[in-house]
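Protein chains in written order, with the working numbering: chain F, 1 to 551; chain L, 1001 to 1255.
Beta carbons are placed, not taken as given, at the ideal position from N, Cα and C, and that holds for glycine.
Structure record follows, encoded as C-alpha cells.
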C-alpha cells in the first residue's frame, strides 16, 4: 500500500484551522458565561434602581453611612492586627530554618485558607465565647461575667485568625527570596542582627508589605460570614451583611440596591488602589526549602523569636482545637441519623461537585483560549488579559453582590428560591475559577510549549489532541483545581444565605440555622464535619498539585 | 519495506518569500533540489530555523509563495504539507510509548491497522530500536529518542524532511552514527532533506548542497564540494573560521 504525500483528505486543512478556532471559541464561551453571570447581576441592580430612583437615593441615610464606616473601620483594624504581627512571625520563622516543627507550623498556617469561614467563626466562639473554654478564665480575669465576643472584637479575632497565617506565609516567601549570596556577603561584612534586618530583611518585607496589606484589607472588606455570625447585631454590621438583611428580612430592594452600589464602588476603589501596588488578588504562597543562613542569632534573640512563633501558633491552633473539641462533644451519631442533616449533606455534596466541575471546565477553556490566542501572531492584548490574569478580577465582585443582583432581577420572573441550586453552583464556580486557573494554566502552557509544533505537524487536533496529548499532563492540575473548587463551594455561606430555604439547604446553611436557634452543640458537630471534609479536599488538592510539579 | 521507493523527493521552492516579526526582516528566494540533502548554514539569527518553519507551515509568509513539488502550499496548515520535521528536542510525547509515538506518524488519532503496526515495527528495527517498542521516552538515551523521531519520519514517508539541528545535543561519536543512519535512510527513501546545522563537519559528511544564510537572506548557495575545498565563498570561510577543523569535535547547543 503506497501512500501519496498529498493530504489524505481535504478535511485536514479544515481540521487544523477548526481546532485553533475551537480553543479560542472555548475561551470566549467561558468569558461570555462569566460576563453573563456578572452582567445579569448588574442588570438586576440597574433595573431595580432605575425603577425606584427616589427610594434608592433615600436609602443613602445615616444608617448606610454608619454601615459603610464600620465596614472600612473593621477592615483597617483587621489588616493592622494581622499584618503587623505577621512581619515578626515571618522574620522569626525565616531566621530559624531549623526551628523544631517549623514545617508543621507552616502547614498549619495554610489550614485557615482551607477552612470555611463559618467553621472558624464557631471555633472562635467555642474558645472565647461566653460559654467558651476561655469564658470562665476571662470572667475571673475581668472580674464579673465575661460578656462574650460578639461584635467588633469577635470579628477582629476571626479575621486575624484567617489573615495572620496568610500574611506570615507571604512575608516568609518574600524573605526566602533574598539570595543566599547576600547572606554570605552580610556575614563576611560582619553585619549584626540589627544591620542584617535593616539592609536585607526590611527591604524585602517593605516591598511585599503593600501587596499583602492590600490583599488582607480586600478580604476583610468583603468578609460576609464572619460578620454575620460574630457581628452580633446592627451595631457591627458591614455592607455585605446589610445587603443580606435588606433582602432577606426587611425586604427593602431600594436599600439593597444602594448598599450594593456602595459595596461595588468601595471594592472597585480598593482594587484600583491594589492594582497600582501590584498586589496579587489570588494570594497564596508557595514556600521553597528554607535556605541556609549564615548569621547566628544571640540567645536572647532566639528566645524572643521562639516566643513570637509559639504565640502565633497558639492563636492559630486555638480555634481549630476548640472546633474539634466542641465538635466531638456533640452527639455526632444522632446528627448523622437526622433527616435534615442527611439531606443538607447530600445537597452540599451534589452542588459542590457540580460547581467544581464547572470551575474546572471554565478554567480549562480559559487556559486553552488564552494559549491559542497567544500563538497567533496577531496580538489581542485585551482578550489575552481577560482570559489570563484579568480573571482574578471576578474576586472583587463579592458573591453576595452577584446573588443580590440576580435575586432582584428574578423575583419578578419566578420563585427566586427555586433557582438556589443554579446560583450556588455558578457563583461558586466562578469564584473558584481564578484559583483553578492558577493550577491549570501553567500546566497547559508548558504542555503546549512542548507539543504545539509536533501536534500541528502530525495533524493531531481537537478531541484527539485533548484526550491523547493534553489530558495526561492536565489530569493532576485539573484534579487539584477540582478539589479546591469543591472545598470552596462546600464551605460557602454567601449565596446560599440569600437563596436558601427549607427546601434547599446546604450544610453551612443548616449550621447557621442551628446557631440561630441556639442548638450550639449541633452546630459544633456540623462544623467539625464540614471542616474535616474541606480540609481533606484541600490536602488532596495540594498533594496532587505538588506531585504534578515534580513530574 | 518494499514500498519505500514510492516516496520520492520533491523540490522545495521559496519564491520571493518575505517574512518579519518585530524589527527582523527575512527575505528568501531559493530552490532546494529534489532528492538532495542540503545543509542550511549561517550564524545565529540569520534565519535558518525561520526558513524551515516557513516550509513546514509554522509561519506564514507576508508575501511570496512556498512550493513543494511544484504545488503551492503557502496557505496550507502544517499537517497538510508533504513534510516531516525533526526538532532538536521535544520530538516525542513523554507519556506515550515509543511505538505510539511512531504510530502518530501514521494516524494522528492512533487508529492503526495491522499493516501500520508492521510498518512501525519495521521502521523501529531499521533505526536499531527493535525490542524498545514499549519504552517511554524518559527510559531512552538522547540518541535513541532521535532515532524514534527518525522512525516516525520513515513511517510518514513524506517527500521532504526538515531537520532543525536534530543531533546538536548529542556527543561526537553518537552524532556520526546518526549522520550515517540519516544517509542510509536518505539512500532508501530518496527524500529531499533540509538540514540545519552549525557543524561544517556534519555538512561536509552528508550534504550534496549548501545554502548559506546571512542577515535573513541567502548569501551563497551551491554544491557542497565548492564550499569545503578551501576555495569557498568568503562569507562562508569567515563563518566557519580558521579553526573549523577543531570545532567539529564538540556539539553545539542551539543558540
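CB contact below 8 Å: residue i versus chain L
i, result
"residue 557 of chain F", "A query on residue 557 of chain F cannot be resolved here, the shown segment of chain F reaching from 1 to 551 and no further."
"residue 255 of chain F", "no"
"residue 453 of chain F", "yes"
"residue 456 of chain F", "yes"
"residue 544 of chain F", "no"
"residue 459 of chain F", "yes"
"residue 124 of chain F", "no"
"residue 440 of chain F", "no"
"residue 165 of chain F", "no"
"residue 469 of chain F", "yes"
"residue 464 of chain F", "yes"
8 Å Cβ cutoff met for residue i and residue j
i, j, result
"residue 60 of chain F", "residue 195 of chain F", "no"
"residue 482 of chain F", "residue 360 of chain F", "yes"
"residue 493 of chain F", "residue 509 of chain F", "yes"
"residue 372 of chain F", "residue 24 of chain F", "yes"
"residue 1161 of chain L", "residue 1153 of chain L", "yes"
"residue 439 of chain F", "residue 358 of chain F", "no"
"residue 1202 of chain L", "residue 1224 of chain L", "no"
"residue 408 of chain F", "residue 44 of chain F", "yes"
"residue 1220 of chain L", "residue 1233 of chain L", "yes"
"residue 1166 of chain L", "residue 1146 of chain L", "yes"
"residue 176 of chain F", "residue 76 of chain F", "no"
"residue 420 of chain F", "residue 114 of chain F", "no"
"residue 1148 of chain L", "residue 1048 of chain L", "no"
"residue 335 of chain F", "residue 531 of chain F", "no"
"residue 162 of chain F", "residue 124 of chain F", "no"
"residue 1206 of chain L", "residue 1185 of chain L", "no"
"residue 527 of chain F", "residue 122 of chain F", "yes"
"residue 1182 of chain L", "residue 1143 of chain L", "no"
"residue 1081 of chain L", "residue 1057 of chain L", "yes"
"residue 533 of chain F", "residue 41 of chain F", "no"
"residue 1108 of chain L", "residue 456 of chain F", "no"
Buried or exposed by the 16-neighbour rule on C-beta atoms within 10 Å, applied to residue i
i, result
"residue 173 of chain F", "buried"
"residue 536 of chain F", "exposed"
"residue 69 of chain F", "exposed"
"residue 350 of chain F", "exposed"
"residue 1158 of chain L", "buried"
"residue 237 of chain F", "buried"
"residue 261 of chain F", "buried"
"residue 165 of chain F", "buried"
"residue 1016 of chain L", "exposed"
"residue 8 of chain F", "Unreliable positioning characterises residue 8 of chain F in this predicted model, as indicated by a pLDDT of 33, which lies under 50. A coordinate reading is not provided."
"residue 112 of chain F", "buried"
"residue 53 of chain F", "exposed"
Residue-level contact to chain F via CB, residue i, 8 Å cutoff
i, result
"residue 1171 of chain L", "no"
"residue 1168 of chain L", "no"
"residue 1093 of chain L", "yes"
"residue 1122 of chain L", "no"
"residue 1026 of chain L", "no"
"residue 1058 of chain L", "yes"
"residue 1079 of chain L", "yes"
"residue 1137 of chain L", "no"
8 Å contact criterion, which residue i and residue j should meet: CB distance rounded
i, j, result
"residue 71 of chain F", "residue 239 of chain F", "5 Å"
"residue 167 of chain F", "residue 355 of chain F", "So it is not a contact: roughly 28 Å between Cβ atoms."
"residue 244 of chain F", "residue 507 of chain F", "So it is not a contact: roughly 18 Å between Cβ atoms."
"residue 1086 of chain L", "residue 1140 of chain L", "Not quite, the Cβ-Cβ distance comes to about 15 Å (not below 8 Å), so this is no contact."
"residue 323 of chain F", "residue 126 of chain F", "6 Å"
"residue 193 of chain F", "residue 49 of chain F", "With a Cβ gap of about 58 Å, residue 193 of chain F and residue 49 of chain F do not count as contacting."
"residue 231 of chain F", "residue 149 of chain F", "About 11 Å separates the two Cβ atoms, so there is no contact after all."
"residue 1032 of chain L", "residue 1216 of chain L", "Actually they do not touch by this definition, with Cβ atoms about 18 Å apart."
"residue 204 of chain F", "residue 226 of chain F", "In fact, because the Cβ distance is near 31 Å, the residues do not count as touching under 8 Å."
Which residues DSSP lists as bridging residue i, in chain order
i, result
"residue 1018 of chain L", "L:1027 and L:1063"
"residue 1071 of chain L", "L:1068"
"residue 38 of chain F", "Residue 38 of chain F is not bridged to any residue."
"residue 1032 of chain L", "L:1012"
"residue 1213 of chain L", "L:1218"
"residue 1164 of chain L", "L:1196"
"residue 1118 of chain L", "Partner(s): none; residue 1118 of chain L has no beta bridge."
"residue 1085 of chain L", "L:1162"
"residue 1037 of chain L", "L:1193"
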